[in-house]
Every structure is written in structure tokens, then in C-alpha cells.
Amino acid sequence: MSARLLLYVSRAGASLARWEGGRLREIRALPADAEGWGVLSDTLRRAPGMPVYVAVDTVEEYYRSEVLPRVWGRDRREMTERRLRQLLHQTPYWVVLPQDPARDGRIGRHYLFMGLTAPELLQPWVEVMRLRGARLAGIWLLPVLCQDLLVRFHLAPRRARRLEVVRDRLLGRQAPGGTASDDGERLLLVTEQTGGLRLTYFDHGELRFSRLAPLEGRTPDDPLAAYAAQIERTRQSLLAQRLLNRGEPLRVCLLDPLNTLAGLSQRLPGDAGWRCEILPRQRLLAGLGLPPALLTESSDALALTLLARPPAGGNLLPEDDRRTQRQHRLRRAIRPAATLWLIAALGLSLALLLDAWRLSRAADTLQARARQAQQEAGRMLDREGGGARFEARWQTHAAWRWVMAHRADPAATLARIAAIFAQLPAIRLSHLRWSGPDTAQPPRLTLEGEVMGFGGDYRLAHDRIEALAAALRRDGWQAEVTRWPLDVAPHLEIQGDLGRDAGDRPARFALALTAAGRVTPAGGRASTSDLDAGRSGGTAP
Amino acid sequence: MIPTAQRAAWATVVLLLLAGAAAVGVALHLHGAAAAARQQAEQAWRDAQARLERLPARIAQARPLRGQLAELDRRGFVGAARRLDWVSALARSQRALALESIAWRLEPGRPTALTGLGATRMHLDLGPMTPDGLAAFLQHLDGLGQGLFTVAQCDWTLEPLPQRMQCSLDWWNFQGSGDSP
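Protein sequence lines, in the order shown, are assigned to chains F and H.
Per this note's numbering, residue 20 is the first one in the first sequence, and the count goes up by one each step.
Per this note's numbering, residue 31 is the first one in the second sequence, and the count goes up by one each step.
Here is the structure:
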């Protein structure tokens, strides 16, 4: 926990202490005049930038516990601020504490509105801080700080008990408030302060009400009688505010740092509805970790110890100061965040650079291996006359294979076609075109001829062409008639004549042939015996 | 007005942020370059390794081809187009086979899809000719060893007599690396 200055302000003056290393140090009593303000100013000058935590203990305070609808977020803020403006319009020091759900069958939640009704009490101290540019961390009313005592000394009901209340509410059961069953859950905490007797009322561990009873009329011979009277008056006040039901027992806890209140418990008998217990000096010292000397030296030491660890809520700091606080916290957080970012970035950069170095080494290794492989290949090629000569030979061979893919023997093909026609005397071949193969397709043939002696019987002529095509197919060709002796397409006009010698006229036809997967070695054209031994072969019918 | 100390604080924060970003940026750049270099080196190694693994088979495959390649070289397949030899070979075949007439025409040389391989088309009108005559002519022309050719197309006209043959030959030449194999 960082070092901080603690200022406890009351009508009688103030107590200033320093909190360092988790311990309270140097408690100084400051009068509420120029001397006290001067001491505070000097202290702030010597501790620049140290946050100041302020506790206020005065009669001029306001507490009002109300049950309001359960809302959250912006709605809650608007609702509570509107109510605060109605209740505490005369002071900038106010705050609302959202508390536990209502127990008496009402739907809603307890809200404790509280404030300091005499801002002039704080004014000079705050002015000194502003002049010194000190950072005011927060202002708390003493009862808010006292809530910490309930936890430290196990004065509040256990959480489980409180959860039972919530469960009862959810199940629609009426809580047994006001009976002896919740004995001890209504607590009046009594402390002796500089300004008088502080009486703070907690309902199930939640602060509901507090008052500071000045003790000007205290009789020196029987001070406890005055205390007992103030406690009774407080009970009456609680009854009047309906914070306590009549006949309901009230647990009273007396904080006794000087071991002087032992006789007070006899004045608060059980048959009068009191359940009294005392937190003696030793227990307080042990519970708060206070040095005995400090507690003896200053009656405000206990409050200052509580102020060193204030609760999250209940801060009376005005909104402007809160905003300044937030900005300050943001400024304080940004630099560590930036430093953290730099460290992370440097770490990431280092990791990346290390990985880059690893990759570079791997690349070097691979390059060396590649060079080795190239050298090995070079040695192998040297034995073959050198890499360039080998490559040239290889390329020449590849080119020769390419050429061989275009080789075929047209003469043999032409002779074979001619032989087929020779078997069909009624068909005469007039023209034949042979196209050589290439890398994409086999050899192709187109042939034209005439059908003779069909006497105008075109059916006969077509049958002969069909017979020719069948003969060619048997020879391994895909044969397609591209021109029939008579084109009988329906969209064409056709004509002819018959009789005399007209019926002996020949009719022209055409066929397209493609080699149908029959692969034969090409002829010996353009090859030598050496080359034939190594060629891939041609595709030719 | 922002106090000087506060300005300095903000400047420090900005400086820290920029320094971190710059460090990461430079490191990322260097890492990217190293990763790319490694990838290139790995690819080069794989290529070299694959080539080395293929090489014995290629050498074994290429050894028996030496004789063929020498023959191709002798024929003039390797190097520039030898038009003079091709035409001369045509004349010799015509005389040797006592062909009645041969009209020839050479197109300009053209490149092929295979780098370094060129082709020159020669159109021939062989006059009166039969398939058997064509076979004898092509065999004789090839036997002269004055080049490497393939037959691209032949038109055989049977009517009117006499039968005629018009053929197109492709003469090939390869100008690879320029080295003789």
C-alpha cells in the first residue's frame, strides 16, 4: 500500500498522521486555526504528490436510510442524485450508499443518503491542500470507516445468514424482523471520540444511522451515567425513525481503547433490552495492529488507522474532485502501461529476432546442401563431358522426339486406301488428301469420288457409299460421310431428271477419315536405322 | 495550458509507445525477410536434390543416344536451317529416280512450341506419281541424309489422268544451346 497522509477533522481540530509501510506514524494534533493549517501546509510541502485521505467526525452530519426501487446503472444514478439534491442541497459533500435489499416485505433496496452539512468545517483544510496542489484522495464520515470494525471483530452477521434473508424474499416468505430470532443483528457501536460519544447503528451489518453526542454536560464523578443516557437517547431516536422496533433487543458494542468503560455494561441491563459487549484495549490493539503507545498518545489513532484503509464507497468527494482523481489515476496508470508495452514489445522483438536468426541459419544450411547437391550433379555430369554438353544433348534428344511425333508414312496409307477402292468397281476415287499427325491428333484423310451406274436410284448409290464406309471402318478408320450422292436435307430444294442417258450420270460424294486408335510404326522416311531404334513411334493407320 | 512536467510525461509515454512499435516493426520486417530467404533456400535445395536424384536415370537414358545424336548432327538437324542441302537433295532424288518433274517452294522458317526447334515447310508438286512412286521418292530423299523431314500433307489427284501428287514436307532444325552434342 502506497504512502499516504491521513487527516482526521473534528470541531476540536484535526489529527494528522502519515501511513507508510503499512503502519501509522507521526500522529500530530493540529488546532483548527492558522497554526494547524500552517503545519498541514508544511507537511504537504515536504510530501509532494502524496495523496491525502480525510475523515470527518462532527455533529453536522446527515443520514437518511430509504428504500427505493431496485434499479441499476444510469437510472440508479439519476434516481439517487435527484433524491440527494432534495435532501442535501446545502453542501457539496454528499454521497449515497446502495445497501442490502429491503427486509420488511417491500420491493426495493436500502439506500443510505449521507452528507456533511457544515462544509465550512472542512473548508480551510481543503483550501490548504488546494494551495499546495495536494491530491485529495477522499473524504469519509467516521461511521463509514467504522464498518471495517464489524468485519475485523466479527460483529456483523455472517454472510450465510444474510443470504438466507435473500432466499426468503425470493420464496415470498416474510422475514421475521423485530423478533428475538435476529438478536444481535441490530448493533449500536459506541466509540469515544475527540468531539464526544459516537453512536453508530448497523442493521444486519449495514450502516443506517449515526450521531455524535457532545459531552459538555458530562459530570466528572460519573461519566458513564452520561454515556448510558446518550445510548438510551439514541435508542429512542432509532425507535422514532422506525429503524428499530419497540421491544426489540439492541446489541451495544463499546470500543474501550483505554479500558475505562467496563462499568457501562452494568448500566445497560439485559432485561431492559440491551445486549452489551466491550472490545477492550488488548483486543483492539491486536485487531487493528496498532502500537500501544500510539493508541495511548492519541484518541484519534483508532480512527486514523481505519482511514488508512477506507471502503470503496462512501467517499464524500465532490464530482469535480473525483474527476481530477480519475484523471490522476489515469495519468499514473498510463506511464506504467506504456513501459509495460515497451517491455512487451522489446520482448516480442527479441523473440522475433531470435527466430529470424534461427531462420537465417536454417537458410544457410539449406543453401550449403543445395550447393553440395549441385556440386555432386556437376561431378556426375563432368564424367559425361560436362553439364552444358549433356544438357545440349538432352535438349536435342527432346527436340528429336518432338519431330518424331509428327512422322507418318503417307504412301502406305494412300496405297491401302486405293486397294479398298479397287474392290468396289462402282465407286471411283478422284481425289485424296492425307494430313500428317501432330502432337494433338492422328493422321486424317479426306477423299472425294463418284458413284457410277446406279441409274438414278440414289438409294442404291447411298448403300454403296455405306458399304465403302463400312470397309474403311474395318480397316481401322473412323469414317464420316461429309457429302452424300443426294443431299436430302428437308430445307433444300433438289431436282433431277431420269430417262434416256440421264440415269447413268455419276454422283459425287465425300468422306472424312480419322485414324481410330490403330497405332503402327511410321515408315522409314526421314530416319536412319540408329534413329529408329530410339524413337517413340508415330501414329498412323 | 499543460504544465511542462506533464508535457514531458506525455512525451515520454508517446516516446515509449513509438519505441515499442518501431522495435516490433523492425523485428517483424527482419523476421519476414529471414523467413522468405529460408523458403527460397529450401526451394533451391529441393530443386537441386530432385535434379540430383533424377540425374543418374537421365544419364543412363542419354548414353545410348550418343550415336543417334551424332547422326542427327551429321544430317544437319542441329544448327541453322540448311536450305541449300535440302534443295540439292531434292534435285538428286529427282535425277536418281528419273522423275518427270518436281516443282518446289520453300516457306520462310517458323519457330515451334519447343524452344530452339524450327521448321521450314516445303511444297512439292511431284507431277505424275503413284503411292509407290511417292514411297520410293521419300525413301531416297531421306537416304541422302541431308536433313530431317516429316510429311505434313499429301494431295493425290487421280482424275483427270495422269495422277498427280502434291505434298508438303516439314524440314526441321534445332538450335538449342549451340553446343554440339
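Quick reminder that beta carbons are idealized off the backbone N, C-alpha and C, glycines included.
Quick caveat: nothing in here was measured; it's all calculated off a predicted structure.
Residue i classed as buried or exposed, judged by whether at least 16 other C-beta atoms fall within 10 angstroms
i: Ala-199 (chain F); result: Legend: pLDDT at Ala-199 (chain F) = 37, less than 50; position of this residue unreliable, no value from coordinates given.
i: Trp-116 (chain H); result: buried
i: His-59 (chain H); result: exposed
i: Pro-161 (chain H); result: buried
i: Gln-98 (chain H); result: buried
i: Pro-195 (chain F); result: Low local confidence applies: a pLDDT of 46 at Pro-195 (chain F) is under 50, so the model's placement there is unreliable, and no value is given.
i: Glu-512 (chain F); result: exposed
i: Glu-80 (chain F); result: buried
i: Asn-264 (chain F); result: exposed
i: Gly-289 (chain F); result: exposed
i: Arg-68 (chain H); result: buried
i: His-416 (chain F); result: buried
i: Arg-217 (chain F); result: buried
Neighbourhood of residue i by C-beta distance below 8 Å, restricted to the same chain and skipping five residues each side
i: His-425 (chain F); result: Gly-455, Pro-456, Asp-457, Thr-458, Gly-557
i: Arg-83 (chain F); result: Leu-106, Leu-131, Phe-132, Met-133
i: Ala-31 (chain F); result: Ala-51, Thr-213, Gly-214
i: Val-58 (chain F); result: Leu-35, Arg-47, Leu-49
i: Leu-262 (chain F); result: Ser-84, Tyr-220, Asp-222, Arg-227, Phe-228
Under 9 Å by beta carbon: chain F residues contacting residue i
i: Ala-89 (chain H); result: Before going further, note that residue 89 (chain H) is Ile rather than Ala in the sequence given. Neighbours of Ile-89 (chain H) on chain F, chain order: Met-399, Leu-400, Arg-402, Glu-403, Phe-409.
i: Trp-202 (chain H); result: Ala-418, Trp-419, Trp-421, Val-422, His-425, Ala-545
i: Ala-119 (chain H); result: Simply none; closest approach about 11 Å.
i: Ala-110 (chain H); result: Chain F residues near Ala-110 (chain H): none, gap ~14 Å exceeds 9 Å.
Residue nearest to residue i in terms of C-alpha spacing, selected from the options
i: Pro-564 (chain F); options: F:Leu-155, F:Leu-43, F:Val-73; result: A query on residue 564 (chain F) cannot be resolved here, the shown segment of chain F reaching from 20 to 560 and no further.
i: Leu-48 (chain H); options: F:Ile-484, F:Ala-363, F:Gly-406, F:Leu-207; result: F:Ala-363
i: Leu-277 (chain F); options: F:Leu-400, F:Glu-316, F:Ile-446; result: F:Glu-316
i: Leu-45 (chain H); options: F:Gly-92, F:Ala-357, F:Gly-55; result: F:Ala-357
i: Pro-310 (chain F); options: F:Ser-34, F:Ala-36, F:Arg-44, F:Leu-433; result: F:Arg-44
i: Val-28 (chain F); options: F:Ala-305, F:Ala-291, F:Leu-326, F:Val-90; result: F:Leu-326
i: Glu-251 (chain F); options: F:Tyr-220, F:Arg-104, F:Asp-76, F:Leu-226; result: F:Tyr-220
i: Ala-63 (chain H); options: F:Gly-468, F:Leu-505, F:Leu-371; result: F:Leu-371
i: Ala-36 (chain F); options: F:Leu-234, F:Pro-70, F:Ala-53; result: F:Pro-70
i: Leu-21 (chain H); options: H:Arg-194, H:Arg-68, H:Glu-189, H:Ala-111; result: Lying before the first or after the last residue shown, residue 21 (chain H) is absent from chain H, which here runs from 31 to 211.
i: Leu-168 (chain H); options: H:Leu-127, H:Arg-151, H:Trp-40; result: H:Leu-127
Bounding residues of the alpha helix (DSSP H) (the contiguous stretch that carries residue i)
i: His-416 (chain F); result: 406-423
i: Gly-157 (chain F); result: Taken as a continuous stretch (DSSP letters only), Gly-157 (chain F) belongs to no alpha helix (DSSP H), being part of the beta strand (DSSP E) at 155-160.
i: Leu-433 (chain F); result: 429-441
i: Arg-328 (chain F); result: Here Arg-328 (chain F) belongs to no alpha helix (DSSP H), and DSSP marks it neither H nor E.
i: Val-209 (chain F); result: Looking at the DSSP string, Val-209 (chain F) is not in any alpha helix (DSSP H); the run it does join, the beta strand (DSSP E), is 205-212.
i: Val-114 (chain F); result: Run containing Val-114 (chain F): none in the alpha helix (DSSP H); it sits in the beta strand (DSSP E), 113-120.
i: Gly-306 (chain F); result: 300-307
i: Phe-17 (chain H); result: What the structure shows of chain H is the stretch from 31 to 211, and residue 17 (chain H) is not part of that stretch, so it cannot be assessed.
i: Asp-61 (chain F); result: 53-65
i: Ser-368 (chain F); result: 338-401
Cross-chain neighbours of residue i in chain H, by beta carbon under 9 Å
i: Ile-353 (chain F); result: Ala-39, Trp-40, Val-43
i: Arg-524 (chain F); result: The premise fails here: Arg-524 (chain F) is roughly 15 Å from chain H at the closest Cβ pair, so nothing lies under 9 Å.
Own chain, CB closer than 6 Å to residue i, minus 5 neighbours either side, in chain order
i: Gly-332 (chain F); result: Leu-116
i: Ala-179 (chain F); result: With a pLDDT of only 49 at Ala-179 (chain F), under the threshold of 50, the placement of this residue in the model should not be trusted; the figure read from the coordinates follows. Taken in chain order, the list of residues that qualify is empty.
i: Ser-118 (chain H); result: none
i: Ala-11 (chain F); result: Outside the displayed range of chain F (20 to 560) lies residue 11 (chain F), so it cannot be described from this structure.
i: Trp-113 (chain F); result: Leu-103, Leu-107, Gly-134
i: Asp-201 (chain F); result: Residue confidence for Asp-201 (chain F) is low, a pLDDT of 48 falling below 50, so the modelled location carries little weight; the figure read from the coordinates is stated next. Excluding sequence neighbours, Asp-201 (chain F) sits near nothing in its chain.
i: Arg-135 (chain H); result: His-153
i: Ala-382 (chain F); result: none
Delimiting residues of the beta strand (DSSP E) encompassing residue i
i: Ile-46 (chain F); result: 42-49
i: Met-133 (chain F); result: 128-135
i: Gly-148 (chain H); result: 147-158
i: Thr-458 (chain F); result: Where Thr-458 (chain F) is concerned, there is no enclosing beta strand (DSSP E), given that its DSSP letter is neither H nor E.
i: Gln-497 (chain F); result: 496-502
Own chain partners of residue i with C-beta closer than 7 Å, once the 5 adjacent residues on each side are dropped
i: Trp-503 (chain F); result: His-481, Ile-484, Phe-528
i: Pro-176 (chain F); result: Glu-204, His-223, Gly-224
i: Leu-169 (chain F); result: Ala-175, Phe-221, Gly-224
i: Leu-114 (chain H); result: none
Where residue i meets chain H, residues with beta-carbon distance less than 7 Å
i: Trp-496 (chain F); result: Residues of chain H passing the Cβ test: none, with the nearest at roughly 16 Å.
i: Gln-393 (chain F); result: Ala-78
Within chain F, partners of residue i - CB distance below 8 Å
i: Gly-106 (chain H); result: Going along chain F, no residue has its Cβ under 8 Å from Gly-106 (chain H), so there is no contact; the nearest lies around 12 Å.
i: Gly-146 (chain H); result: Gln-414, Ala-418
i: Met-60 (chain H); result: A small fix is needed here, since residue 60 (chain H) is Leu in this sequence, not Met. Per Cβ cutoff of 8 Å: Leu-371, Leu-372, Ala-375.
i: Arg-68 (chain H); result: Leu-378, Ser-379, Ala-381, Ala-382, Leu-385
i: Asp-115 (chain H); result: In chain order: nothing, as chain F lies at least about 14 Å away.
Any C-beta of chain B under 8 Å from that of residue i
i: Thr-315 (chain F); result: No chain B appears in this structure, whose protein chains are F and H.
Residues that residue i contacts on chain H, provided the C-beta gap is smaller than 8 Å
i: Arg-154 (chain F); result: Those within 8 Å of Arg-154 (chain F) in chain H number zero; the least Cβ separation is about 14 Å.
i: Thr-358 (chain F); result: Leu-46
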